[in-house]
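Undergrad: Structure in structure tokens, see below.
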Amino acid sequence: MNTLFTAISSRISGMTGGKTSHRLLPVCCFFLVCVSVIFTLVDSSLSRNCFFIAGYIALVVFCLNIRQFRHPLTSVSLMLLLLALVKVIWFLVFYGDAAIANMYNAHMQAGKRLFFVVLIMVCLTKYRHVLPDKTWMFKAVFWLAFLLTSVIGVIQVARGMDRIEFHNTRATDASYMYSCISLTLAFLLLSRESLRGYVLAFAVFLSSYWLVLHTGTRSTMVLHPLIFLVCLLFNSRSRYKFRIVLAALLAMVCLMFAFKGEVTDRVHSTSSDLSVYLKSHGNDATSLGTRLAMWQVGLAVFEQHPWGMSLEQRFAYMSRYVDQHNTDKSALDYAMVHLHDESIETASQQGIIGLVVLWGLYLVILRQSIRQKNTLLLLTLLCLIGYGLTDVLLISREQTIFFGLMITLSCLYTPRWPDQSQPEE
1 MNTLFTAISS
11 RISGMTGGKT
21 SHRLLPVCCF
31 FLVCVSVIFT
41 LVDSSLSRNC
51 FFIAGYIALV
61 VFCLNIRQFR
71 HPLTSVSLML
81 LLLALVKVIW
91 FLVFYGDAAI
101 ANMYNAHMQA
111 GKRLFFVVLI
121 MVCLTKYRHV
131 LPDKTWMFKA
141 VFWLAFLLTS
151 VIGVIQVARG
161 MDRIEFHNTR
171 ATDASYMYSC
181 ISLTLAFLLL
191 SRESLRGYVL
201 AFAVFLSSYW
211 LVLHTGTRST
221 MVLHPLIFLV
231 CLLFNSRSRY
241 KFRIVLAALL
251 AMVCLMFAFK
261 GEVTDRVHST
271 SSDLSVYLKS
281 HGNDATSLGT
291 RLAMWQVGLA
301 VFEQHPWGMS
311 LEQRFAYMSR
321 YVDQHNTDKS
331 ALDYAMVHLH
341 DESIETASQQ
351 GIIGLVVLWG
361 LYLVILRQSI
371 RQKNTLLLLT
381 LLCLIGYGLT
391 DVLLISREQT
401 IFFGLMITLS
411 CLYTPRWPDQ
421 SQPEE
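Numbering (full-length UniProt numbering), first residue to last: 1 to 425.
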């Protein structure tokens, strides 16, 4: 059967022309990926369509040149594939024959999107040598993404929007993706370690942090500057590294003083939410208190059902738990949605297997970013882990696509240092 399929793919490849399948299609796939990232927070429909078209092109390339894909999966793409399989198999086991399946298919759809990410990663990794100059392209892509998105944010601030969301439906999701876009651009500008690069990078960081403050998302307010500092230390080979970090800290302090009102409001609301949670034992709903309650009950779910369960089973167990303990009743508000933590959500639904695969993905990306000194890959990982502490990114339609493509592009990126004539392998 494999021989027959190989013969058919060879015949089709010959009919379509080797040059087309070897150069044009991968380049088209790459450009569509870039367009998808650029329009993530500008036009989500266009971004999504470009992503799926790129995925189908990658599938065609794989089928036409299947003999060349002897070992198609890298360690990162393998873990993404396993995560996709976990989500799809979980859905089929619990909802495959259920009439209500379409109501709870977030994991199934996330699994499908991750399959497309793997196809795109396999295609672009195999044909990376035919792609245009990636350093120049990356800068152009993230400049466009940053400028277009920032203009939308500034307009929304000028119109007096309470929490800006760009062209996304939720301010929190928008803040996570905007943070990753702006930080990526900042470190692309830092890659040559020139004075001009540092000035532009700091300008991008400070202006993006100003917009992050207007999203009103507490986790992004805290993690955006921390990720910037961590990656600055990891990225820079300059002997003035610590002076640069000190300058960044001073700039952030000045910015926070300039927006003292917004920062103070979020600090006070956090303190108030924590106080209400402690006094009511998690029974009264607040933004932070509800999350703490969900995490507490979610861990109890995992402890009692380590191999996973359906959403309905989880809700039933959580209801019994809060009734028996008379605590954390606010956790039920989102029990049929998600538990606002990537690891706890995965553990409570896909069990030990899902959690091991998720953490395995994190570790594989961390290992590759450190070995290759790939700051962009590390930055994407820190965003994925950091923002996943208070939300669930890998079942969101836009974020599954965005972070999947960010991982793909980051793996394609090869750091170039001023004292090197060749990229580091």
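Every residue gets a Cβ at the ideal spot worked out from N, C-alpha and C, and that includes glycine. Computed from a prediction, not measured in an experiment: that's the story for all the values here.
(1) Go ahead and pull the three-state DSSP assignment for Asp328.
(2) Mind listing, in chain order, the continuous beta strand (DSSP E) runs of no fewer than 3 residues lying wholly within the UniProt domain "O-antigen ligase-related" (204 to 358)?
(3) Short of 6 Å in beta carbon distance, which residues of its chain neighbour Val230, apart from the five on each side in sequence? Order them along the chain.
(4) When the cut-off is 8 Å and only beta carbons count, does Leu206 lie next to chain B?
(5) Quick check on Tyr198: does DSSP put it in helix, strand or coil?
(6) Between Ser207 and the rest of its own chain, which residues show a CB-CB distance below 7 Å, the 5 nearest in sequence each way excluded?
(7) Roughly how many angstroms separate the alpha carbons of Leu384 and Lys373, rounded to a whole number?
(8) Could you tell me the alpha carbon to alpha carbon distance between Leu412 and Tyr127, rounded to whole angstroms?
(9) Of all the options His224, Glu262, Ser269, which has the alpha carbon lying nearest to the alpha carbon of Ala248?
(10) On a Cα-Cα basis, can you pick out the residue from Tyr56, Tyr362, Asp43 that is closest to Leu25?
(11) Suppose you measure from the CA of Lys279 to the CA of Ser287; what does that come to, to the nearest Å?
(12) So, for Val141: in the same chain, excluding its five sequence neighbours on each side, which residues have a beta-carbon less than 7 Å away from its beta-carbon?
(13) Please state whether DSSP places Phe69 in a helix, a strand or coil.
(14) What do you get for Met221, buried or exposed, if any count of 16 or more other CB atoms within 10 angstroms of its CB means buried?
(15) What is the residue span of the alpha helix (DSSP H) that Ser173 lies within?
(16) Please report the Cβ distance between Leu59 and Leu119, rounded to the nearest whole angstrom; I am assuming they are in contact, meaning their Cβ atoms lie under 8 Å.
(17) With 16 other CB atoms within 10 Å as the buried threshold, where does Ile352 fall?
(18) From Arg397, Leu376, Thr408, Ile395, pick the residue whose C-alpha is nearest to that of Ser179; which is it?
(19) Out of curiosity, what's the CA-to-CA distance linking Val130 and Leu82?
(20) Given a cut-off of 8 Å on the beta-carbon distance, is the pair His340 and Arg291 in contact?
(21) Select from Leu211, His214, Ser275, Val204 the residue whose C-alpha is nearest the C-alpha of Phe228.
(22) With a threshold of 7 Å on Cβ separation, who are the neighbours of Ser330 within its own chain once the five nearest residues in sequence on each side are excluded?
(23) For the candidate residues Ser175, Ile155, Leu211, whose alpha-carbon lies nearest to that of Leu393?
(24) In angstroms with no decimal places, state the Cα-to-Cα distance between Ala54 and Ser275.
(25) Report the option in Thr380, Gln349, Leu73 whose CA atom is closest to the CA atom of Tyr362.
(26) What does the alpha-carbon distance come out to for the pair Met177 and Ser272?
(27) Apart from the five residues just before and just after Gln420, which ones in its own chain have a Cβ nearer than 6 Å to its Cβ?
(28) Around the Cβ of Gln304, are there at least 16 other Cβ atoms within 10 angstroms (buried) or fewer (exposed)?
(29) Which full runs of the alpha helix (DSSP H) of 4+ residues lie inside the region 353 to 408, going along the chain?
(30) With respect to the alpha helix (DSSP H) encompassing Ile155, which residues constitute its N-terminal and C-terminal limits?
(31) My output table needs one value for residue 426: the three-state DSSP class, helix, strand or coil.
(32) Could you tell me the alpha carbon to alpha carbon distance between Leu73 and Asp265, rounded to whole angstroms?
(33) Looking at the unbroken alpha helix (DSSP H) that takes in Thr125, where does it start and where does it end?
(34) DSSP three-state label for Val42, please.
TA: Taking the structure as given:
(1) coil
(2) none
(3) none
(4) Judged by its chain identifiers, the structure shown contains no chain B, having just a single protein chain.
(5) helix
(6) Ser150
(7) 18 Å
(8) 10 Å
(9) His224
(10) Tyr56
(11) 15 Å
(12) Cys34, Val37, Ile38
(13) coil
(14) buried
(15) It is Asp, not Ser, that sits at residue 173 in the sequence shown. Asp173 -> alpha helix (DSSP H) spans 171 to 190.
(16) 5 Å
(17) exposed
(18) Leu376
(19) 28 Å
(20) yes
(21) Val204
(22) Gly282, Asn283, Asp284, Ala285, Gly289, Thr290, Ala293
(23) Ser175
(24) 49 Å
(25) Thr380
(26) 28 Å
(27) In this prediction, Gln420 has a pLDDT of 39, which is less than 50 and means its spatial position is unreliable; what the coordinates show is noted afterwards. Nothing meets the Cβ criterion.
(28) exposed
(29) 375 to 387
(30) 134 to 158
(31) This structure cannot settle anything about residue 426, because the visible part of the chain is limited to 1 through 425.
(32) 47 Å
(33) 106 to 126
(34) coil
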